[in-house]
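Before any comments, here is the structure.
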Amino acid sequence: MSLDGYPVVIPLRDGRTVTVRPMTAADGERLLRFFRALPEEDRQFLKEDVTQKEVVERFVAELDYERVFPLLAEYQGEIVGDATLHRTKHGWSTHVAAIRMVVARQFQRSGLATALARLLVQHAVNVGVDKMIAEIVDNQVGARRAFAKLGFVEEAVLKGHVKDRSGVRRDLVIMANDVSHLWEAMEAMVADFSPTVGA
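Following the working numbering, the numbering of the sequence shown begins with 1 at its first residue and continues without gaps.
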């Protein structure tokens, strides 16, 4: 798989710049540091306990860009964002990919999440993905709003599918969008905010 074009330097709305590149096997320790620094409410609905060293070590050991394409955003040598595109190599859903993302609290509302999503959509187009989905817990209002702005629509709600750390059951919302429509939506958003990719 070609990684031409990386790393990418992205200017954010507040004047800071971050560097985005694919994760490598050398990123384990810094990635663990990033996950452990996240507030609990920002990681309580992640699918795995990413504060555990063995979990992050497995991410690194099983690195396979054809299955999971992970992008890391760096600022002053530290990871401040992690965005991944998940797809299957075989079967009836090879045209579908799932997007997952987590951004450090101090970089939320800076345009970083939109920039990371844009790069993942570009990658999805390059590898032949037609449809992208996002799984969002019902009380993650900000995430739902952000994906809606990108043209994602609610396709399904799985009742009581997620249990938070307090044992409370919550609904899992499945949002989806056609990649070509998503690209158009992001082009419009960038035009509204700024002529740069960091908007």
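All C-beta atoms, glycine included, are put in the ideal place defined by N, C-alpha and C.
Note that this is a predicted model, so its numbers are computed, not measured.
- Assigned with DSSP and collapsed to three states, Asp27 falls in helix.
- CA-CA distance, Leu72 to Asp82, rounds to 5 Å.
- For Arg144, the enclosing alpha helix (DSSP H) begins and ends at Val141 to Lys149.
- A buried status is given to Thr114, since no fewer than 16 other beta-carbon atoms sit within 10 Å of its beta-carbon.
- DSSP places Leu72 within a strand segment (E or B) once states are collapsed to three.
- In the structure shown, Ala37 falls within a helical segment according to DSSP collapsed to helix, strand and coil.
- Excluding its 5 nearest sequence neighbours in each direction, Pro70 has C-beta neighbours in its own chain below 6 Å: Met23 and Thr84, listed in chain order.
- When the five nearest sequence neighbours on each side are left out, the beta carbons in the same chain lying within less than 7 Å of the beta carbon of Ala146 are those of Ala113, in order along the chain.
- Taking all protein chains in view, the Cβ of Ser180 is surrounded by fewer than 16 other Cβ atoms within 10 Å, so the residue is classified as exposed.
- Counting along the chain, no alpha helix (DSSP H) covers Ala156; the unbroken beta strand (DSSP E) around it starts and ends at Val153 to Lys163.
- Counting the other Cβ atoms within 10 Å of the Cβ of Arg87 gives 16 or more, which makes it buried.
- Annotated three-state conformation of His86 is strand, per DSSP.
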